[in-house]
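The block underneath contains the structure these notes are about, expressed in structure tokens.
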Amino acid sequence: MAENDGGVMASDRTGRYRVDKSEIGKSGAGKKGFKKPAVGNRARANLAPENHAAGNGAAENCNEGDCVKEGSGAEKKKTVRKADVSYGDKAGSGAREAGGRGAGKKKTDVGVKAAAGVVSRKNEAVGAAQGNGREFQKPERGGSGKAGGMKWKAGKEEQRGNAGPQSLCPVYRKCGGCSYLHMSYEQQLKEKQKQLQELLGGFGKLQPIIGMKNPWHYRNKVHAVFSHDKKGNPISGIYEAGSHRVVPVDSCLIEDEKSDAIIVTIRSLLKSFKIRTFDEDTGYGLLRHVLIRRGFATGEIMVVLVLASPVLPSKNNFIKALRKEHPEITTVVVNVNSRGTSMVLGDKETAVYGRGYIEDVLCGKVFRISPKSFYQVNPVQTEVLYSKAVEWAGLTGGERVLDAYCGIGTIGLVASDRAAEVIGVELNKDAVRDAGWNVKRNQVKNMRVYCADATQFILDMAAAGEKLDVIFLDPPRSGSTEEFIHAVGEIRPDRVVYISCNPETLARDLKGFLKVGFGVEKMVGVDCFGWTGHTETVVMMRNCGLKGK
Numbered sequence: 000m001a002e003n004d005g006g007v008m009a010s011d012r013t014g015r016y017r018v019d020k021s022e023i024g025k026s027g028a029g030k031k032g033f034k035k036p037a038v039g040n041r042a043r044a045n046l047a048p049e050n051h052a053a054g055n056g057a058a059e060n061c062n063e064g065d066c067v068k069e070g071s072g073a074e075k076k077k078t079v080r081k082a083d084v085s086y087g088d089k090a091g092s093g094a095r096e097a098g099g100r101g102a103g104k105k106k107t108d109v110g111v112k113a114a115a116g117v118v119s120r121k122n123e124a125v126g127a128a129q130g131n132g133r134e135f136q137k138p139e140r141g142g143s144g145k146a147g148g149m150k151w152k153a154g155k156e157e158q159r160g161n162a163g164p165q166s167l168c169p170v171y172r173k174c175g176g177c178s179y180l181h182m183s184y185e186q187q188l189k190e191k192q193k194q195l196q197e198l199l200g201g202f203g204k205l206q207p208i209i210g211m212k213n214p215w216h217y218r219n220k221v222h223a224v225f226s227h228d229k230k231g232n233p234i235s236g237i238y239e240a241g242s243h244r245v246v247p248v249d250s251c252l253i254e255d256e257k258s259d260a261i262i263v264t265i266r267s268l269l270k271s272f273k274i275r276t277f278d279e280d281t282g283y284g285l286l287r288h289v290l291i292r293r294g295f296a297t298g299e300i301m302v303v304l305v306l307a308s309p310v311l312p313s314k315n316n317f318i319k320a321l322r323k324e325h326p327e328i329t330t331v332v333v334n335v336n337s338r339g340t341s342m343v344l345g346d347k348e349t350a351v352y353g354r355g356y357i358e359d360v361l362c363g364k365v366f367r368i369s370p371k372s373f374y375q376v377n378p379v380q381t382e383v384l385y386s387k388a389v390e391w392a393g394l395t396g397g398e399r400v401l402d403a404y405c406g407i408g409t410i411g412l413v414a415s416d417r418a419a420e421v422i423g424v425e426l427n428k429d430a431v432r433d434a435g436w437n438v439k440r441n442q443v444k445n446m447r448v449y450c451a452d453a454t455q456f457i458l459d460m461a462a463a464g465e466k467l468d469v470i471f472l473d474p475p476r477s478g479s480t481e482e483f484i485h486a487v488g489e490i491r492p493d494r495v496v497y498i499s500c501n502p503e504t505l506a507r508d509l510k511g512f513l514k515v516g517f518g519v520e521k522m523v524g525v526d527c528f529g530w531t532g533h534t535e536t537v538v539m540m541r542n543c544g545l546k547g548k
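Residue numbers (numbering that gives the first Met the number 0): 0 to 548.
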């Protein structure tokens with residue numbers, strides 16, 4: 000997935016996006032009453048990854064629960080039926096009231112941010128008692144989840160009981176992300192497999208879901224909202240579900256531990272540097288949010304300070320004090336967001352220390368990650384996800400491949416070693432710039448990236464008599480569009496590999512592909528978001544030669 004644009008979409012703890020309703024008409028996000036997204040472009044000109052107020056029911060990459068109004072804390076739990084998901088309606092088109100990486104009506108257990116304070120040894124013992132038999136270590140510190148105990152299940156809500164004394168997370172109910180924290184990991188994999196089977200089983204054989212070896216602290220991107228208590232003391236954490244109250248959180252079971260520690264250090268430095276946290280009611284104060292991004296393979300860390308105004312008091316000394324505690328920080332960026340919206344990131348940003356970006360390695364390729372770049376939040380499972388997609392594409396070295404909605408070029412670059420030619424198509428200019436840099440950085444000679452609408456690009460290729468062997472697509476939670484599927488039917492590649500973060504819109508789109516002559520051959524779920532109700536799915540389709548039937 001790709002995105003960037005500084006501020007229309009807001010990404011959640013799972014890496015998906017949310018829409019600022021004041022901008023919907025501009026981007027074509029698909030809330031009822033607004034324009035449909037530009038054909039085939041995933042409305043991504045406005046999909047900025049980290050622009051939402053953290054913690055209130057954000058959905059996962061699959062991450063990423065569309066039943067909340069991003070950042071506002073006005074979380075509304077809704078019941079979604081499979082029949083509700085269709086093109087152009089408020090469930091299926093564009094980024095709805097609170098989409099994930101785009102949006103699309105989805106599970107009520109929205110969000111992934113599992114936030115928490117330190118859990119007692121007693122709770123740790125209880126967590127061990129929940130053992131699931133898999134080979135991973137239990138966390139020594141507590142975590143949380145965001146879902147208020149809500150579990151999505153095939154179009155209806157199911158209320159889980161109170162987290163109670165057995166919860167590993169002290170803010171399990173308030174956070175609203177880890178809706179499966181009451182289950183063992185083996186149990187939740189079975190539940191996710193069951194959900195996928197109910198939605199996708201009619202299209203063909205679904206292989207067993209691929210789980211994580213270690214489902215703890217997997218998120219490489221951590222976001223905290225800053226505020227203050229009644230005494231004026233700074234606090235940081237997440238919005239409590241259904242409100243704008245900030246729940247203090249120091250550590251989280253699914254977030255990178257080093258990133259959590261950096262946020263705690265930043266909070267501890269505020270008073271000595273006389274930096275006030277932002278007050279949403281009065282509009283006074285400076286620090287609004289902190290975003291941490293870490294390259295798990297490289298160890299590089301980026302700190303993004305989101306301020307209400309561009310001046311950070313004693314900037315150099317503040318950074319010096321922060322790096323004294325955490326010398327592993329490689330860059331610090333000041334982002335200015337003076338808008339009274341639910342967005343996290345503003346349009347203006349300045350690197351005040353380091354390069355202003357970090358690098359990470361995924362599937363053997365190096366990727367440049369800036370504050371607004373989309374990059375999968377679980378790099379370990381993403382390697383599994385992308386490797387499976389490329390494997391199923393059946394590349395032998397002679398194919399011409401199109402990576403639709405290529406973003407910063409991740410899937411296309413991973414596939415480039417096995418293809419003769421890779422064409423990346425992305426509408427967002429910033430993402431295209433990063434993709435071009437990544438192509439050069441990896442010295443890939445057989446990949447080109449174009450800034451264009453994917454649907455129109457494919458139609459133009461078909462009109463010119465050009466051919467494609469394989470098309471990869473990894474759309475937002477709202478799924479693909481009728482127009483894009485029609486375009487694929489026009490150029491008729493031999494194989495289509497669809498990576499989906501929303502099984503509901505995937506099921507809808509598979510029906511569309513069947514109509515234009517593509518049959519499903521393989522499907523598998525890949526759990527990239529442990530303890531939440533979300534998952535990714537890879538589907539391989541083949542041209543059956545039945546166009547229009």
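Note that beta-carbon positions come from the ideal geometry of N, C-alpha and C, so glycine has one too.
Identify the residues that DSSP records as bridge partners of K220: which are they?
Within the sequence shown, numbered from 1, the residue matching residue 220 stands at position 221. DSSP output for K220 lists R292 as bridge partner(s).
Roughly how far, in whole angstroms, is the beta-carbon of V246 from the beta-carbon of C174, given that I think they are within contact range, below 8 Å?
Counting from 1 along the sequence shown, the entry for residue 246 is found at position 247. Counting from 1 along the sequence shown, the entry for residue 174 is found at position 175. Sure, about 7 Å apart at Cβ, within 8 Å.
Rounded to a whole number of angstroms, what is the C-alpha to C-alpha distance between K444 and A418?
As a working mapping, residue 444 is identified with position 445 in the sequence shown. As a working mapping, residue 418 is identified with position 419 in the sequence shown. It is roughly 11 Å from the alpha-carbon of K444 to the alpha-carbon of A418.
Can you check whether the CB of I274 is closer than 8 Å to the CB of P312?
The residue labelled residue 312 in the question sits at position 313 within the sequence shown. The residue labelled residue 274 in the question sits at position 275 within the sequence shown. Between P312 and I274, the C-beta spacing is below 8 Å.
From W215 to I490, what distance separates their C-alpha atoms?
Start at 1 with the first residue of the sequence shown, and residue 215 comes out as number 216. Start at 1 with the first residue of the sequence shown, and residue 490 comes out as number 491. Roughly 43 Å separates the two Cα atoms.
Mapping DSSP to helix, strand and coil, what is Q206?
In the sequence shown, the residue the question calls residue 206 occupies position 207. Residue state, collapsed to three classes: strand.
Per DSSP, which one or two residues make a beta bridge with H227?
The residue you call residue 227 lines up with position 228 of the sequence shown. According to DSSP, H227 bridges with P233.
Please state if the CB of Q192 and the CB of I208 are separated by a distance shorter than 8 Å.
Stepping through the sequence shown from its first residue, residue 208 is reached at position 209. Stepping through the sequence shown from its first residue, residue 192 is reached at position 193. Yes; because the gap between Cβ atoms is below 8 Å, this pair is in contact.
Quick check on Q380: buried or exposed, where buried means 16 or more other Cβ atoms within 10 Å of its Cβ?
Mapped onto the sequence shown, residue 380 falls at position 381. That one is buried.
Length of the line joining the Cα atoms of I498 and E535:
Here the question's residue 498 lines up with position 499 in the sequence shown. Here the question's residue 535 lines up with position 536 in the sequence shown. Distance between the alpha carbons of I498 and E535: 7 Å.
Run through the DSSP bridge pairs and tell me what I328 is partnered with.
Within the sequence shown, numbered from 1, the residue matching residue 328 stands at position 329. Looking at the DSSP assignment, I328 forms a beta bridge with I300.
Please list, in chain order, all residues of the same chain as K387 whose beta carbon is under 6 Å from its beta carbon, the five residues on each side excluded.
Start at 1 with the first residue of the sequence shown, and residue 387 comes out as number 388. Cβ neighbours of K387 beyond the five flanking positions: V537.
Own chain, CB closer than 6 Å to Q206, minus 5 neighbours either side, in chain order
Residue 206 sits at position 207 when you count from the first residue of the sequence shown. The residues are V523.
DSSP beta-bridge partners of N334
Stepping through the sequence shown from its first residue, residue 334 is reached at position 335. DSSP lists V305 and E348 as partners of N334.
When D280, F295 and G397 are compared against K257, the one with the closest alpha-carbon
Counting from 1 along the sequence shown, the entry for residue 257 is found at position 258. Comparing Cα-Cα distances from K257 to each of D280, F295 and G397, the minimum goes to F295.
Where does the unbroken beta strand (DSSP E) through E465 begin, and where does it stop?
For the purposes of this step, residue 465 is taken as the residue at position 466 of the sequence shown. Looking at the DSSP string, E465 is not in any beta strand (DSSP E), and its letter there is neither H nor E.
Return yes when the Cβ of V469 is within less than 8 Å of the Cβ of V496, no when it is not.
Position 497 of the sequence shown, counting from 1, holds the residue named residue 496. Position 470 of the sequence shown, counting from 1, holds the residue named residue 469. In contact: V496 and V469 (Cβ atoms closer than 8 Å).
Need the endpoints of the beta strand (DSSP E) that T595 sits in, please.
Because residue 595 is not part of the residues shown, which for the chain are 0 to 548, the question remains open.
Using CA coordinates, which residue listed in K230, H227, L412 and I237 is at the minimum distance from V221?
What you label residue 221 is simply residue 222 of the sequence shown in a count that begins at 1. With distances taken between Cα atoms, V221 lies closest to I237.
Does the beta-carbon of P169 have 16 or more other beta-carbons within 10 angstroms, so that it is buried, or is it exposed?
The residue labelled residue 169 in the question sits at position 170 within the sequence shown. Classification for P169: buried.
Does the beta-carbon distance from M301 to Y374 come in below 8 Å?
What you label residue 301 is simply residue 302 of the sequence shown in a count that begins at 1. What you label residue 374 is simply residue 375 of the sequence shown in a count that begins at 1. Against a cut-off of 8 Å, the Cβ pair of Y374 and M301 comes out as no contact.
Check whether the Cβ of T281 sits closer than 7 Å to any heavy atom of the ligand FMN, and report yes or no.
The ligand FMN is not part of the structure shown, which contains no ligands of any sort.
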